[in-house]
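Input: a single structure, listed below in structure tokens.
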Amino acid sequence: MGWGGSQERGHGKLMEMAFIHLASLIFLITLHYSLACPDGCNCTSTDVTCFNRTHLGAPKEYLNKYTETIDLSFNNLTMIPDGSFSGLKALQLVNLENNPWICDCDIFYLYSWLIKQNTRTSYKSLRCTGPNNLKGRRIELLHEHEILSSCPIHDCTWLITSHSALYLQVVVHAVITVSMLFFLAMKQTALSKLRNKDNEYNLITNPKRLIAVIAVKGASTKYSPQGLNSFTTSEFRCVHVFSWYS
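Take the sequence shown: its letter number 215 is residue 215 in the working numbering, and every next letter is one higher.
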């Protein structure tokens with residue numbers, strides 16, 4: 001009985017220590033994200049809420065793989081920094097309503113992110129407040145060229161480079177494919193010629209075959225299976241040789 005009581009007390013101490021370590025870990029994680037959290041935001045390990053913000057600063061400092069909800073509604077955001085929502089595997093909800101989005105080159109990341117979402121209807125209230133030619137348009141329904149047309153040339157260098165690389169890959173694959181098809185066609189032609197030569201060789205050398213010659217001279221046709229020696233090649237305009245097995 002005494003040994004059993006000691007075992008139970010030891011087990012209870014282990015459970016107590018595990019609980020203390022877990023609580024400390026949760027506290028440290030919460031403290032880390034609280035310290036990284038920018039002014040005007042409330043941050044926990046799973047939720048981030050911001051208000052009265054004109055920009056998000058460096059979101060990667062306070063958004064993490066455990067973040068589930070991000071509430072950015074009723075701020076003064078005009079764009080979302082590149083990569084802000086990338087790698088957030090636990091992310092379930094992003095509230096972006098009531099912000100004065102400017103649909104110029106800087107909105108391209110948000111646009112790209114929106115068109116990849118399965119629930120686009122959740123973001124139908126996100127509309128451009130500028131520039132004038134896009135004012136009132138739903139962001140996820142814009143065309144890519146409408147946004148990129150506002151980008152300075154140097155900002156679009158990456159796009160031109162990526163498209164050039166894509167075209168180069170297409171050309172290389174096309175050349176390889178055509179080369180392979182040409183090689184296969186040449187190989188097939190060579191095999192066909194080889195088969196024809198084998199057939200001609202068998203026709204001449206196989207003693208079990210009988211030979212019939214149709215000789216055409218002028219408009220007349222002569223057929224002589226036995227009298228092949230009675231014709232000379234100079235008399236023939238064309239000759240067809242047929243063979244069959246005896």
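Even for Gly, the Cβ is constructed at its ideal location relative to N, Cα and C. Everything numeric in this text was worked out from a predicted model, so none of it was measured.
Terminal residues of the beta strand (DSSP E) in which Ile70 lies: Where Ile70 is concerned, the enclosing beta strand (DSSP E) stretches over Thr69 to Asp71.
For Ala190 and Phe182, I'd like the C-alpha separation in whole angstroms. Each residue's alpha carbon lies about 12 Å from the other.
Find the nearest neighbour of Asn99 within the set Arg127, Thr119, Leu88 and Gly87, judged by alpha-carbon distance. For the set Arg127, Thr119, Leu88 and Gly87, the Cα lying nearest the Cα of Asn99 is the one of Arg127.
By DSSP, does Thr300 sit in helix, in strand, or in coil? This structure leaves residue 300 out entirely; the chain is present only between 1 and 246.
Are there 16 or more other CB atoms within 10 angstroms of the CB of Leu96, so buried, or fewer, so exposed? Buried, because 16 or more other Cβ atoms sit within 10 Å of the Cβ of Leu96.
Close Cβ partners of Trp113 (< 7 Å) along its chain, the five nearest in sequence each way excluded: Non-local C-beta neighbours of Trp113 in its own chain, meaning closer than 7 Å and more than five positions away in sequence, comprise Phe85, ordered along the chain.
Coarse secondary structure for Ile102, derived from DSSP in three states: Of the three classes helix, strand and coil, the one that applies to Ile102 here is strand, per DSSP.
May I ask you to verify whether the region 170-179 touches the region 128-143, counting CB pairs closer than 8 Å and requiring at least 3? No, the region 170-179 does not touch the region 128-143.
Residues in the same chain with beta-carbon distance under 7 Å from Leu110, minus the five sequence neighbours each way, listed in chain order, please. Result list for Leu110: Met79, Ile80 and Ile139, in chain order.
7 Å CB neighbourhood of Lys135 in its chain, flanking five on each side removed: Apart from the 5 residues on each side of it in sequence, Lys135 sits with its Cβ closer than 7 Å to the Cβ of Cys128 and Thr129 in its chain, given in chain order.
Could you spell out where the beta strand (DSSP E) holding Leu250 opens and where it closes? Residue numbering for the chain in the displayed model covers 1 to 246; residue 250 lies beyond these limits and cannot be assessed.
Give the DSSP-derived three-state secondary structure of Leu168 in the structure shown. Judged by DSSP in its simplified three-state form, Leu168 adopts helix.
Using the beta-carbon count (16 or more within 10 Å), is Ile176 buried or exposed? With fewer than 16 Cβ atoms within 10 Å of its Cβ, Ile176 is classed as exposed.
Please classify Lys65 as buried or exposed, where buried requires at least 16 other C-beta atoms within 10 Å of its C-beta. That one is exposed.
Thinking C-alpha only, which one of Cys105, Asn76, Cys43 and Ala174 is nearest Pro152? The option with the nearest alpha carbon to Pro152 is Cys105.
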